[in-house]
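What follows is one structure encoded as structure tokens, with my remarks underneath.
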Amino acid sequence: MENDDLLIADYSNILADITVGKNAEKHLPLIKEGIKNLNTRIDSELMLGNEPTTFIKLGYFLYKLKDDAENLLSQ
Numbered sequence: 007m008e009n010d011d012l013l014i015a016d017y018s019n020i021l022a023d024i025t026v027g028k029n030a031e032k033h034l035p036l037i038k039e040g041i042k043n044l045n046t047r048i049d050s051e052l053m054l055g056n057e058p059t060t061f062i063k064l065g066y067f068l069y070k071l072k073d074d075a076e077n078l079l080s081q
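Take a look at the structure:
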């Protein structure tokens, strides 16, 4: 992925907002899209015979972020 640094910066900003309880409604669609794209990337890596450990770790992070955002919205 050529935009990995930008992606990490975007999710860092989202994490900062969610952590302080801001903008969950705005960020939730982006998080869900990120999860979808990441799942596609993991599948591609597996088909190529690569071990997608880093992508799986990022997936855990995104699912936790999604849960946190949904919890904020349900309050």
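Converting from the sequence shown to the working numbering requires adding 6 to each position, the first position being numbered 1. Built from N, CA and C at the ideal position, the CB exists for glycine as well. Remember, it's a predicted structure, so these values are computed and weren't measured experimentally.
Linking A75 to P35 through their CA atoms gives a straight-line distance of about 10 Å. The Cβ-Cβ distance between I62 and I48 falls below 8 Å. With respect to the 8 Å criterion, E31 and L79 are classified as neighbours on the basis of their beta carbons. Non-local beta-carbon contacts of P58 in its own chain, meaning distances under 8 Å to residues more than five positions away in sequence, involve R47, I48, E51 and L52 in chain order. Each residue's CA atom was taken as its position, placing I24 and D16 some 12 Å apart.
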